[in-house]
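Q: What follows is a single structure, and I will ask about it in a moment.
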Amino acid sequence: MKMSRRDFLKATSAGIACFGLAQLGFDLEPLRAYGARLKISGAKEVVSVCPFCSVSCHVVAHVKDGRLVNVEGDPDYPINEGALCAKGAAILSLTNNPHRVTKPLYRAPFGDTWEEKDWEWVLDRIARRVKDLRDRDFLPTNGRGQRVNRLESLFSLGTSHMDNEECALVHQAMRMLGVVHMDHQARI
Amino acid sequence: MDPVLDKAVSRRPVLEPILRAFWSVHEASLALARALEDRWRPEFIEVDARRLREGVPVLVGHSLQAAEGALEGAFRGFIPVLGDTFPHLRNDLDRMASLHDGRGVDLASVCRAYLEGDLSGIGRAFRAAGVEPGSVLLVLHETLSAALKSLDRLVGQRLPDADWWRGYCPLCGALPVAAYLAEGADPSSRFLSGGGGQRYLHCAVCGHDWRFPRRMCPACGTEDKDVYVYFQVEGEPAERVDVCGNCGGYLPCIDYREAWEGLPVDLAVVAMLHLDMWACLKGYHPLMWTPWNGVGPCDGPASSRVH
Chain V
1 MKMSRRDFLK
11 ATSAGIACFG
21 LAQLGFDLEP
31 LRAYGARLKI
41 SGAKEVVSVC
51 PFCSVSCHVV
61 AHVKDGRLVN
71 VEGDPDYPIN
81 EGALCAKGAA
91 ILSLTNNPHR
101 VTKPLYRAPF
111 GDTWEEKDWE
121 WVLDRIARRV
131 KDLRDRDFLP
141 TNGRGQRVNR
151 LESLFSLGTS
161 HMDNEECALV
171 HQAMRMLGVV
181 HMDHQARI
Chain A
1 MDPVLDKAVS
11 RRPVLEPILR
21 AFWSVHEASL
31 ALARALEDRW
41 RPEFIEVDAR
51 RLREGVPVLV
61 GHSLQAAEGA
71 LEGAFRGFIP
81 VLGDTFPHLR
91 NDLDRMASLH
101 DGRGVDLASV
111 CRAYLEGDLS
121 GIGRAFRAAG
131 VEPGSVLLVL
141 HETLSAALKS
151 LDRLVGQRLP
161 DADWWRGYCP
171 LCGALPVAAY
181 LAEGADPSSR
191 FLSGGGGQRY
201 LHCAVCGHDW
211 RFPRRMCPAC
221 GTEDKDVYVY
231 FQVEGEPAER
241 VDVCGNCGGY
251 LPCIDYREAW
261 EGLPVDLAVV
271 AMLHLDMWAC
281 LKGYHPLMWT
291 PWNGVGPCDG
301 PASSRVH
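Residue numbers (full-length UniProt numbering), protein chains in the order written: chain V, 1 to 188; chain A, 1 to 307.
What follows is the structure, encoded as structure tokens:
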């Protein structure tokens, strides 16, 4: 009968040929006591794609109990080989950031304080302001009578944490309105 | 006083006796490996790239009879070292040396059987002489390890470590005893950060290191993120143990980006024995038995696994 290493380990556990550190003369009780005091928890590594730019570096997301706890560059992906740019390296803050604003804040014209508002109020307000502005300033043609369909009095500035898809969505929405002045903090 | 050993001991004082013992074994193994380089015949030193591309390790197909000089040197060199390190095994070690001197055992054959995992046939002669099986395994492991480390010094740099991508050693075919995540090289651009984290496996026998995917079990090849997971002590991100719910194997892993810089894998892995013990209690088994990872029978119920 051939016995593999795994069989051998099973055999040792059955006490047939048990051999380990104890048989080498070591007392394992202190190690057992030490191990019993430790708090050991598990996580899994999930491969994802950095959402910030079109290079699409791969990242390894460490997930513990359903929560993202760490992110690093994927060392097995040939493009970034484990490295990330400054924005990609801070990707964890997309979800884990105590400074993240989680409710709409409104500052009235000439006001100096922010106040919390609900989404319905904020979205209605934005829609009303955009509609009024567009009705007032929309330019179907330029000075030479050429069709331009643009709105020059509205500017869109996106946050540095906007990902590729969000940028594309905002871009299309602004184009639809005729907005030509738009940017976001891609390099910050 | 050895600063490397002291660093490991200061990190985990509870393991001091074990660390000191296996550090002296490790040092002796390296010294023997240096001394045995000229015992290898040219056929072992030739690297057949075609065979390696097909996934055949260097030693497969070679009779270890032709390596008897190296094995003999390692065996004779290690018996006194092990006697000094583990004094209560001296009787066993003396019996093994006598048996070998009297040609009562074919060292090459038993080493080949050990390397191939066929543990039923090895050491029959030793056991007939009253040597404990554990002592036989200890001596065979260290003999093979020192001899093959010397071969690794000769051919290791010519092996395709970066594109081997297999769970067994390209030199001797053994499974790994530990993994490590490499430190990052200087990024090619000042706008990049991080880097490194490539996973290398460390052979349990010859000590050769080779690259392997981060999220794959070396034993069964599963890449399921919900099946191949890792565990670590809270607050100690440099050490973890990867466990596989598919085959039940575990592999300690050292993250050299976090700590342990300058500590050889063979020492760092001994300093992580508490994770071996935890994995065994949870019903996982090491991919390779070694003299230092026998922390107790892996008799934890399979139901206590996390999968």
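We treat Cβ as the ideally placed atom computed from N, Cα and C, and that holds for glycine. Predicted model only: the values in this text are computed from it and were never measured.
(1) Is there contact here, the segment 107-119 of chain A with the segment 60-72 of chain A, by at least three beta-carbon pairs under 8 angstroms?
(2) How many Å lie between Pro264(A) and Thr85(A) at the Cα?
(3) Any residues in the segment 178-198 of chain A with a beta carbon nearer than 7 angstroms to a beta carbon of chain V? Which ones, in chain order?
(4) Would you call the CB atoms of Met162(V) and His181(V) closer than 8 angstroms?
(5) Do you know how far the Cα of Glu258(A) is from the Cα of Leu71(A)?
(6) If you measure from the beta carbon of Leu177(V) to each beta carbon in chain A, is any gap under 8 angstroms?
(7) Using three-state DSSP, classify Asn91(A) as helix, strand or coil.
(8) Label Lys149(A) either buried or exposed according to how many other C-beta atoms from any shown protein chain fall within 10 Å of its C-beta, with 16 as the threshold for buried.
(9) Just to confirm, is the Cβ distance from Val47(V) to His58(V) under 8 angstroms?
(10) Assuming contact is defined by CB atoms lying nearer than 8 angstroms, are Val177(A) and Asn293(A) in contact in what I supplied?
(11) Listed from N- to C-terminal order along the chain, which residues in the segment 17-33 of chain A have their beta-carbon within a distance smaller than 9 angstroms of any beta-carbon of chain V?
(12) Using 8 angstroms as the limit for Cβ to Cβ distance, is residue 326(A) near chain V?
(13) Just by C-beta distance, which residues in the segment 27-51 of chain V are closer than 9 angstroms to chain A?
(14) Just how far apart, CA to CA, sit Leu94(V) and Asn164(V)?
(15) As a quick exercise: from Leu31(V), Phe26(V), Gly20(V), pick the residue whose alpha carbon is nearest that of His274(A).
(16) Taking Cβ positions only, does Tyr230(A) come closer than 8 angstroms to chain V?
(17) Should Val4(A) and Leu82(A) be called a contact, given that it needs their Cβ atoms to be closer than 8 angstroms?
(18) Please go through the same chain and pick out, in chain order, the residues whose beta-carbon is closer than 8 angstroms to the beta-carbon of Val170(V), but skip the five residues on each side of it.
(19) Taking contact to mean at least 3 C-beta pairs separated by less than 8 angstroms, is the segment 158-174 of chain A in contact with the segment 195-214 of chain A?
(20) Determine whether the Cβ of Arg6(V) lies closer than 8 angstroms to any Cβ atom of chain A.
(21) Report all residues from its chain with a CB closer than 6 angstroms to the CB of Gly196(A); omit the five preceding and five following residues, and keep chain order.
(22) Using alpha carbons as the reference points, say which of Pro98(V), Arg100(V), Glu45(V), Arg129(V) lies closest to Pro109(V).
(23) Tell me whether Asp38(A) sits in a helix, a strand or coil according to DSSP, three-state version.
(24) Considering only the alpha carbon of each residue, which of Arg153(A), Gly117(A), Ala128(A), Val9(A) lies closest to Leu287(A)?
(25) Compute the Euclidean distance between the alpha carbons of Ala113(A) and Arg53(A), then round it to the nearest angstrom.
(26) Over what stretch of residues does the alpha helix (DSSP H) that includes Asn164(V) continue unbroken?
(27) Short of 8 angstroms in beta carbon distance, which residues of its chain neighbour Val230(A), apart from the five on each side in sequence? Order them along the chain.
(28) Any beta carbon from chain A within less than 8 angstroms of Val60(V)'s own beta carbon?
(29) Just grab the DSSP bridge partners of Ala178(A) for me.
(30) Reducing DSSP to helix, strand and coil, say where Ser145(A) ends up.
(31) By a C-beta neighbour count over all protein chains shown, 10 Å radius and 16 as the cutoff for buried, is Gln146(V) buried or exposed?
(32) Considering only C-alpha positions, which residue in the set Asn149(V), Asp124(V), Trp121(V) is nearest to Arg134(V)?
(33) Mind listing, in chain order, the continuous beta strand (DSSP E) runs of no fewer than 3 residues lying wholly within the segment 73-97 of chain V?
A: Working from what's here:
(1) yes
(2) 20 angstroms
(3) Gly184, Pro187, Phe191, Leu192, Ser193, Gly194, Gly195, Gly196, Gly197, Gln198
(4) no
(5) 38 angstroms
(6) no
(7) helix
(8) buried
(9) yes
(10) yes
(11) Pro17, Ile18, Ala21
(12) Chain A is shown from 1 up to 307; residue 326(A) falls before or after that span and cannot be answered.
(13) Asp27, Leu28, Pro30, Leu31, Arg32, Ala33, Tyr34, Gly35, Leu38, Lys39, Ile40, Ser41, Gly42, Ala43, Lys44, Glu45, Val46, Val47
(14) 14 angstroms
(15) Leu31(V)
(16) yes
(17) no
(18) Ser156, Gly158, Met162, Met182, His184
(19) yes
(20) Unreliable placement is indicated for Arg6(V), whose pLDDT of 48 sits below 50; the coordinate value is still reported in the next sentence. Chain A contact via Cβ: present.
(21) Ala182, Glu183, Gly184, Arg257
(22) Arg129(V)
(23) helix
(24) Gly117(A)
(25) 25 angstroms
(26) 164-177
(27) Strictly speaking, residue 230(A) in this sequence is Tyr, with Val absent from that position. Around Tyr230(A): Arg240, Val241, Asp242, Val243, Cys253.
(28) yes
(29) His202(A)
(30) helix
(31) exposed
(32) Asn149(V)
(33) 83-85
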